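Colleague: My questions will all concern the structure given below.
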Amino acid sequence: MAFLELKNVSKSFVSSRSRSTSLAVRDFDLEIAPGEFFCLLGPSGCGKSTVLTMLAGFEHPTGGEIRVNGQPVEGPSKDRCVVFQGDDSLYPWLTAAHNVEFGLRMAGMPSAERRQKVEAALGLVGLSGQGSKFPAELSGGMRQRIQIARALVIQPKVLLMDEPFGALDAQTRHVMQHELRKIWLATKSTVVFITHDIDEAILLGTRVGVMTAGPGGTLRDVVTINIEGERDRLDPAYTRYYAEVHGMIRDEVAKSVRAMAA
Amino acid sequence: MAFLELKNVSKSFVSSRSRSTSLAVRDFDLEIAPGEFFCLLGPSGCGKSTVLTMLAGFEHPTGGEIRVNGQPVEGPSKDRCVVFQGDDSLYPWLTAAHNVEFGLRMAGMPSAERRQKVEAALGLVGLSGQGSKFPAELSGGMRQRIQIARALVIQPKVLLMDEPFGALDAQTRHVMQHELRKIWLATKSTVVFITHDIDEAILLGTRVGVMTAGPGGTLRDVVTINIEGERDRLDPAYTRYYAEVHGMIRDEVAKSVRAMAA
Amino acid sequence: MTPSKTATLPPPIAIPRPALGPIARFLVAILPSIIGFLSLFVAWHVAAAYLVQSVLFPTPLATFGKGLELALSGQLWIQIGASLKRIILGFAAGSLIAIPIGLAIGSFRTFRKLVEPWTECLRFIPSVALITIAVIWFGIGEESKIFLIIYATVFIVILNTAAGVSAITPNKIRAAQALGATRWQVFAFVGLPATVPYILTGMRLAMANAFTTIVAAEMIAANAGLGVMLWDGRMFMMIEEIFVSLVCLGALGFITDRLFRLAILRFAGRFSPTM
Amino acid sequence: MTPSKTATLPPPIAIPRPALGPIARFLVAILPSIIGFLSLFVAWHVAAAYLVQSVLFPTPLATFGKGLELALSGQLWIQIGASLKRIILGFAAGSLIAIPIGLAIGSFRTFRKLVEPWTECLRFIPSVALITIAVIWFGIGEESKIFLIIYATVFIVILNTAAGVSAITPNKIRAAQALGATRWQVFAFVGLPATVPYILTGMRLAMANAFTTIVAAEMIAANAGLGVMLWDGRMFMMIEEIFVSLVCLGALGFITDRLFRLAILRFAGRFSPTM
Amino acid sequence: QSMVIATGVDPAFAAFYVANQAGIFKKNGLNVDLKTGPSGSTMASLVIGNQAQAAMSSEQGGIQNFNRSSDVVVVSEGTQMVGFHGLVARGHKTLDELKGKKIGVAKGTGGEAFWLAMLQNKGLKATDFQVVQVEAPEMIAALERGDIVGFAAWEPWLAKARRAVPNTVLVIDDVGIMSPRAFVYMNKPWVLKNGAAAETFLKSLMEASDIITKQPKEAAAYVAKQLNLDLDLTEELMPKVPSKFQLTQDSIKALQFAEGVLKEGGRLVKPVDYGKFIYPDLLKKLRPEAVSYEVPKS
Ligand SMILES: Nc1ncnc2c1ncn2[C@@H]1O[C@H](COP(=O)(O)OP(=O)(O)OP(=O)(O)O)[C@@H](O)[C@H]1O
Ligand SMILES: Nc1ncnc2c1ncn2[C@@H]1O[C@H](COP(=O)(O)OP(=O)(O)OP(=O)(O)O)[C@@H](O)[C@H]1O
Ligand SMILES: [Mg+2]
Ligand SMILES: [Mg+2]
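Chains as they are written, first to last, in the numbering used here: chain A, 196 to 457; chain B, 196 to 457; chain C, 9 to 283; chain D, 9 to 283; chain E, 10 to 307.
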């Protein structure tokens, strides 16, 4: 039973310079079941963010159709919360804590309850006690974690994350991956997770999708990760998956480099 | 003979909310020889970007002193070119190619010569043929590569890079690491390179510095990487270095998590 | 993503709509504008014919009748031409003077401190009060009228430009410095283009000032112009003339503003997310 | 880093300087401002005493002499008080009206199309020309004067506010939508605060309009005020009075603007990188 | 009973100022709010909407207002000006010398009325000169710069120009050419409703007029105080604007002359019905002998 459906989706943008259109994503076909943790990998510029933007409802496909729970996507919704690539979606006029509580406040949650949830969320991302700082006073990695806390705290049905751990050091990232997996196991929400780290994808995903090189990338292959219980880099199954996905991406990057040289 | 010297440098910021000061970096002592490739690692928020900002001359230390080639740093200079964390330093009104040629244009290089150099630089970062797009029309990873091309093309004496490959997928990143190392070997410029990827640090650096956990981090240890010729992840020396650096960072992240929980 | 994204995205809060045919879409798009215009005239008519009922406040019909009469006699075009020439000259000159000053104020702290006492005091002095001074300096010819328009244009553009400069993300400046740009180059190649949206907003605001000041400027020894029409109307209680002049000012201002926005979208669209 | 960084950084292009003692630093900091002010008066003096030499253009000394005389007799304070009250009331009311309208124009496309014909036509109509209408609607009391000040304030603030809304980084809006904010909440919790720097710039610009319009407003049946002083001065060729009135307008404007900026830094500093 | 009166700032309105400053209105139980504006005719339009109940203004001002609304009526003549208008020139002493030169005239003012009357009186044509439209306050600046060589205006501009600009002399004044008047206009519906107050109002003005004629020094002081004007200048100007409350055949002639000028300029909306325009009842009650005119046939 598909929960998120992308049917033959394509998206092209009109270039502001030449008024010519350029294809960002083409013929993207995918069904995601409820409770899945779907990881999307692909060479830089292949169209990952574009797919996520459309799933969120911020942009409409120029071809094909996107459905969530059977309903066509008309616009953004609180059920599909987004962690954006980059940090320009934080509110610079709010402190870190107020940024995190934004969604709860919109939902009208009373302030005491809110405070408690925000404290928990800040702790989860390793930023307890930093809640009174403004985004401009935080480091790049800290800002990214604030964004994650802001999305997690509202416990959305669908969590759309665009390279959420990109600005984190390996260790902090490791802690965060662990936390995210715990949350997902506990809440069984559906996650679409863009990353450029193969390890991360295999560690977290129920399935891993690999896109072809851009511009105008599409879904090349989807690998189902069948590892029960805790995942471990030393597990031979893990290494096999790694090699498989790694091979696909290497091909695609090579293709994209070749395409560019041409 | 030290080329870049940080003598007991510390930096504190005045918080806009409480008007209290918070320490970002303390007692940072480091000497970097000309032609070195120095990698700086440390848990998120420990003060890496702050150190780089001061080396570039954008901010002054609140304690201690920074010298370049024996001269105290008074402000930014073309000899110390910077790749920023995040992508808000690109000029949205210029195309990718014009962004890349910015430094050359400032130096008054004739346009034909410029075009040639820009083409080469775009090729280097895998973006030939994308030069006419505007930053807003590029993906996150593409924008980061434009920033790198912009810095490389002016061949600065010192290259200060703040997580330059953070938004790149593993494969593209690999290609870029390779290119950067080649350039460094050819030009023997001095590089200070912030990363959160231990592999990357050991692959590229002549020395790797690890900072203690923030807030108010300092330099914990510096490891000299003595591997001749091409570096290889399977080399036992490599694995030894990896284990050493990894241990240090794990300690620091653990400390920072503990500090936050307290 | 950088703030630059605004350059190619539709107005932010607009929720995407289901697709419509092109003609239907066009109609839906202009319908509210039409309603807006109609409501303006209906409000005026109701106010004039039913609410206020003053002989000093004619209905739109009476006004348009008079306007048509003046237009047919050729009179109106002479007035419009005379005023428009002054407005355009003064507005263009004022903007040209103001942009570099505003950029320099935003960029160089010392320059700002030196010049701010001038701009910050003078901008509160009404141009209507400068009529006498304008005549002393520039006589009763065109120069003094254009001087007043320049005066009315300059400060708004300066202030907006300077505000734009200080809103530039510091990393843009820092990048330029680290790429070897001199102070002057930072100013010209980063400060100026990054400030374009602010400058244009300033110019749009200033344009209204130029239009409203023409009335004061044409108090000085003018033989033609919408301001002359207005003052004469006032002097001789020719109420319809006053309103024809006001309607012309409003309509011309509206049209000029639209043309200005069109030119911007055409030639500098990528600088300007907001127009 | 986000654009927000501007909130805590010094003006961008300023190159850091070697440290100085606090007193020396203060002196170096205010020296250019002092030079700026002095140069303003020197230029005036030279123009009046040597270049123009007209009976219609008094020197600063003569003006200040007259000003002192009026101040000592108490006269001046009455005029200033009367005008200032009108300006403050009109400016505050105008801003309060304009901010929500500007936000709505920037946020809701249909609202913009409905309302733009009104704002975009009316903003080109000079307030001096509205005197008659103001009197018809509001009588010759304070109301009509305050109406004119409101009129002069409203459009600038609307336009700047709307420009601010459309300059918001789309991701900020998108984030709010994905966090469950309704249209209305996006408007209030993202649109409004993100637009604060633009609103404040608009208000600073509008403040100048309020000051310059007081002169037109006080053409109507006013008994006290700087505008009255100016018109009487003009009628009776009491040149010094005209200039005292102008100097007062300039100085009051300057002071009000500084107070406004101070209040902003104090209460809303984090919203406003540019002031 | 309170009422609003609208006035320009000019010694021609001395009756208003003296009645106000000397407390005559108050003594007679009237609570008067004196509103001042740039000129009498601008302010007179306030009478149309009953924003002000009374005003004083020139013939033209009154006729234009009456053209707009028949609520505005003449209740009395107020001031008769002698030698108040004139033509000054710099470096030239006669009209002949000025031929072909630039002369400043402000449209719609008493200055223009004088200029036209003077041309007619001397048998000259407007085309003999280059007429430049200049507002009164800018006349002196323009004269100073040499943009114009002379201008037709009224006091205090004539005196000011002679003092301020060297070589400037009075070429000709209005004595024997015309004697313009300022009339008192009131809102008729208001008068009909508040007959007693209207009467008291006119009576107060007459008392003020007595002070002006009998105690010129005190009167000048009141006017100078009200207008914040130089006392010397006020004393010099006051005799040129004597207050006269009457309605005579000459009053009618003055109004008819103004009507003619307006008609020639194409500014007359419709012919004046003097029977309706003039409302002599108040003046008749207070001083019947001052009313002596016949309503002209239109
Ligand atoms: N607004 C836009 N206008 C024009 N082209 C765009 C726009 N956004 C994206 N593109 C183009 O679409 C393609 C895919 O971009 P997208 O951001 O989806 O890549 P991505 O897979 O997220 O890459 P990365 O890993 O580098 O973030 C790119 O070639 C980009 O140039
Ligand atoms: N402008 C500022 N104002 C106040 N505090 C700041 C400012 N910039 C940085 N800090 C603080 O200084 C500390 C170090 O920040 P910095 O950006 O140098 O970290 P970093 O090591 O680069 O982290 P990351 O890997 O997450 O980018 C953080 O605790 C941060 O909150
Ligand atoms: Mg992306
Ligand atoms: Mg950093």
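For every residue, glycine included, the Cβ atom is placed at its ideal position computed from N, Cα and C. Note that the structure is a prediction, hence the values are computed from the model and not measured.
(1) Using the C-alpha atoms, what's the distance from C:Glu-150 back to D:Ala-184?
(2) Who pairs with E:Ser-11 in a beta bridge, going by DSSP?
(3) When we look at the beta-carbon of C:Glu-226 and count the other beta-carbons within 10 Å, is it buried (16 or more) or exposed?
(4) Give every residue of the same chain whose Cβ lies closer than 8 Å to the Cβ of A:Glu-254, excluding the five residues on either side of it in the sequence, and list them in chain order.
(5) Between which residues of its own chain and B:Phe-297 is the CB-CB distance below 8 Å, once the five residues before and five after are set aside?
(6) Alpha carbon to alpha carbon, how far is C:Thr-190 from B:Thr-257?
(7) So, does the CB of E:Ser-67 fall closer than 8 Å to a CB anywhere in chain C?
(8) Go through the residues and name those whose CB comes closer than 7 Å to any heavy atom of ligand 4, in chain order.
(9) May I ask you to check if the CB of B:Glu-332 is nearer than 7 Å to at least one heavy atom of ligand 1?
(10) Please classify D:Asn-217 as buried or exposed, where buried requires at least 16 neighbouring CB atoms within 10 angstroms.
(11) Go through the region 92-130 of chain E residue by residue and report every complete run of the beta strand (DSSP E) that reaches 3 residues or more, in order.
(12) Are the C-beta of D:Gly-147 and some C-beta of chain E separated by less than 8 Å?
(13) At the level of alpha carbons, what is the spacing between E:Leu-167 and D:Leu-35?
(14) Can you give me the C-alpha to C-alpha distance between A:Trp-379 and A:Phe-360, rounded to a whole angstrom?
(15) Flag D:Glu-249 as yes if its beta-carbon sits less than 8 Å from any beta-carbon of chain C, otherwise no.
(16) For C:Phe-132, return the contacting residues in chain E, with the cut-off set at a CB-CB distance below 8 Å.
(17) Check whether the region 209-227 of chain E touches the region 36-46 of chain E, counting contact only when three or more Cβ pairs, one atom from each stretch, lie closer than 8 Å.
(18) Look at the alpha carbon of D:Leu-92 and the alpha carbon of C:Val-136, and state the distance between them as a whole number of angstroms.
(19) Kindly examine ligand 1 and report whether one of its heavy atoms sits closer than 7 Å to the Cβ of D:Pro-178.
(20) Does the distance from the C-beta atom of B:Leu-218 to that of B:Gly-424 stay below 8 Å?
(21) Can you list the residues of chain C that E:Lys-197 reaches, using a CB-CB cut of under 8 Å?
(22) On the premise that D:Pro-66 lies in contact with D:Glu-248, defined as a C-beta separation below 8 Å, what is that separation, rounded to the nearest angstrom?
(23) Would you tell me roughly how many angstroms separate the C-alpha atoms of C:Leu-213 and C:Phe-219, rounded to the nearest one?
(24) If I'm right that D:Thr-161 touches D:Phe-99 with Cβ under 8 Å, what's the distance once you round it to whole angstroms?
(25) Is it buried or exposed for A:Glu-200, if we count other Cβ within 10 angstroms and need 16 for buried?
(26) Could you tell me whether any Cβ in chain D is nearer than 8 Å to the Cβ of C:Trp-85?
(27) Compare the C-alpha of B:Asp-446 against each of B:Gly-321, B:Pro-238, B:Arg-376 and name the closest.
(28) Looking at A:Asp-394 and A:Val-278, is the spacing between their C-beta atoms short of 8 Å?
(29) So if DSSP puts E:Tyr-288 in a beta bridge, which residue, or which two residues, is it bridged to?
(30) Going by Cα to Cα distance, which pick from B:Gln-342, B:Asp-274, B:Pro-267 is closest to B:His-293?
(31) Does the CB of A:Ser-210 have a neighbour CB from chain D at under 8 Å?
(32) Could you check the C-alpha separation between C:Pro-26 and B:Val-313 for me, to the nearest Å?
(33) Can you tell me whether DSSP reads D:Gly-44 as helix, strand or coil?
(34) Out of curiosity, what's the CA-to-CA distance linking B:Glu-308 and B:Phe-198?
(35) Given that a residue counts as buried once 16 or more other Cβ atoms are within 10 Å of its Cβ, and exposed if not, what is D:Trp-239?
(36) Assign A:Leu-355 to one of three DSSP states: helix, strand, or coil.
Modeller: Taking the structure as given:
(1) If you take the alpha carbons of D:Ala-184 and C:Glu-150, they lie about 54 Å apart.
(2) When DSSP reads this structure, E:Ser-11 sits in a beta bridge with E:Asn-40.
(3) So C:Glu-226 ends up on the buried side.
(4) These residues qualify, in order along the chain: Lys-206, Thr-245, Thr-248.
(5) Taken in chain order, the residues that qualify are Tyr-286, Leu-289, Arg-345.
(6) One C-alpha to the other measures close to 26 Å.
(7) At a cut-off of 8 Å between C-beta atoms, E:Ser-67 does not count as an interface residue with respect to chain C.
(8) In chain order, the residues positioned with their C-beta nearer than 7 Å to some heavy atom of ligand 4 are A:Ser-334, A:Gly-335, A:Gly-336, B:Lys-243, B:Ser-244, B:Gln-280, B:Asp-357, B:Glu-358, B:Ile-389.
(9) Yes.
(10) Sixteen is the threshold: when 16 or more other Cβ atoms of the shown chains lie within 10 Å of the Cβ of D:Asn-217, as they do, the residue is buried.
(11) Annotation: the region 92-130 of chain E contains the following complete segments of the beta strand (DSSP E) (minimum length 3 residues), in chain order: 94-99, 111-114.
(12) True, the Cβ-Cβ gap to chain E drops below 8 Å.
(13) Each residue's Cα considered, the two are about 52 Å apart.
(14) Taken atom to atom, the span from the alpha-carbon of A:Trp-379 to that of A:Phe-360 is near 16 Å.
(15) No, D:Glu-249 does not count as interfacial toward chain C.
(16) Those within 8 Å of C:Phe-132 in chain E number zero; the least Cβ separation is about 21 Å.
(17) Segments in contact, yes.
(18) C:Val-136 has its alpha-carbon roughly 19 Å from the corresponding atom of D:Leu-92.
(19) For ligand 1, not one heavy atom lies less than 7 Å from the Cβ of D:Pro-178.
(20) No, the pair does not count as a contact, with Cβ atoms beyond the cut-off.
(21) Under the 8 Å cutoff, chain C gives no residues; its nearest Cβ is about 14 Å from E:Lys-197.
(22) About 5 Å; that satisfies the 8 Å criterion.
(23) Using only the alpha carbons, I get a separation of about 10 Å.
(24) Indeed they touch by this definition, with Cβ atoms about 5 Å apart.
(25) Result: buried.
(26) Interface residue (Cβ-Cβ distance to chain D less than 8 Å): C:Trp-85 is not classified as such.
(27) Ranked by Cα distance from B:Asp-446, the options B:Gly-321, B:Pro-238, B:Arg-376 are led by B:Pro-238.
(28) Remark: C-beta atoms of A:Val-278 and A:Asp-394 do not approach each other more closely than 8 Å.
(29) Here E:Tyr-288 is not bridged, per DSSP, to any residue.
(30) A check of alpha carbon separations from B:His-293 across B:Gln-342, B:Asp-274, B:Pro-267 identifies B:Gln-342 as the nearest.
(31) No, A:Ser-210 lies away from the interface with chain D (no Cβ there is under 8 Å from its Cβ).
(32) Caution applies to C:Pro-26, whose pLDDT of 49 falls short of 50 and renders its modelled position unreliable; the model cannot decide the point.
(33) Residue state for D:Gly-44 is assigned as helix, using DSSP reduced to three classes.
(34) Inter-residue distance for B:Glu-308 and B:Phe-198 is about 31 Å (C-alpha atoms, whole angstroms).
(35) D:Trp-239 is classed as buried because its beta carbon has at least 16 other beta carbons within 10 Å across all chains shown.
(36) Looking at A:Leu-355 - three-state DSSP - the assignment turns out to be strand.
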